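A.B. asks:
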Amino acid sequence: MWIGELSGRTGVSPRLLRYYEEQGLLAARRGGNGYRVYDDDAVTTVRQIRALLAAGLSTEVIREVLPCAAGELPSWDVCPELVHTLRQELATMDEKIDTLRRTRSTLATYVPGQWQGLCQS
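In the UniProt record's numbering, the protein residues as written are 1 to 121.
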């Protein structure tokens, strides 16, 4: 299928599809006219990429774990590299959350008392 059809079937713009290709996330071959041609499984691949981006993973990490993805959710073929990478990503996210909580707590001390109760979670 051409890029316009893939875009229509996935809801992802052609520009973003080209970006995914540049990042090594999506493969296309060139037709005789020079246009990108995608296999039918590209729809699933794009949906997997979108799901992984929504989970907070970078395109670099997605490039590493995408070969372990199977299905639409994506469901995973559990491979050791994937488990290791996802654990690292979770640890990094936990560190960022802890830092944000500490920063928020510090910032809340500067807000007049009447507002502190409204902002705390």
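From the three backbone atoms N, C-alpha and C, an ideal C-beta is built for every residue, glycine too.
Remember, it's a predicted structure, so these values are computed and weren't measured experimentally.
Going by DSSP, which residues form a beta bridge with residue 30?
C.D. replies: The partner list for residue 30 (beta bridge, DSSP) reads 36.
A.B. asks: At which residue ranges does the stretch 61 to 115 contain complete alpha helix (DSSP H) runs of 4 or more residues, listed in the order of the chain?
C.D. replies: Entirely contained in the stretch 61 to 115, the alpha helix (DSSP H) runs reaching 4 residues are, in chain order, 80 to 108.
A.B. asks: Is it buried or exposed for residue 97, if we count other Cβ within 10 angstroms and need 16 for buried?
C.D. replies: Residue 97 is exposed by the Cβ-count criterion.
A.B. asks: Assuming residue 66 contacts residue 48 (C-beta within less than 8 Å), just tell me the rounded distance between them.
C.D. replies: 6 Å between Cβ atoms; contact.
A.B. asks: Only counting the same chain, and skipping five residues up and downstream in sequence, which positions put a Cβ closer than 6 Å to that of residue 38?
C.D. replies: Taken in chain order, the residues that qualify are 1, 6, 28.
A.B. asks: Identify which residue in 53, 3, 45 has its Cα closest to the Cα of residue 34.
C.D. replies: Minimum Cα distance to residue 34 is reached at 3.
A.B. asks: Quick check on the DSSP output: the alpha helix (DSSP H) that includes residue 203 runs from which residue to which?
C.D. replies: Outside the displayed range of the chain (1 to 121) lies residue 203, so it cannot be described from this structure.
A.B. asks: Closer than 7 Å by C-beta to residue 31: which residues in its own chain qualify, once you throw out the five before and the five after it? Chain order, please.
C.D. replies: Same-chain partners within the cutoff: 37.
A.B. asks: Quick one: is residue 110 buried, meaning 16 or more other Cβ sit within 10 Å of its Cβ, or exposed?
C.D. replies: By the 10 Å Cβ count, residue 110 comes out exposed.
A.B. asks: Using the C-alpha atoms, what's the distance from residue 64 back to residue 90?
C.D. replies: Each residue's alpha carbon lies about 15 Å from the other.
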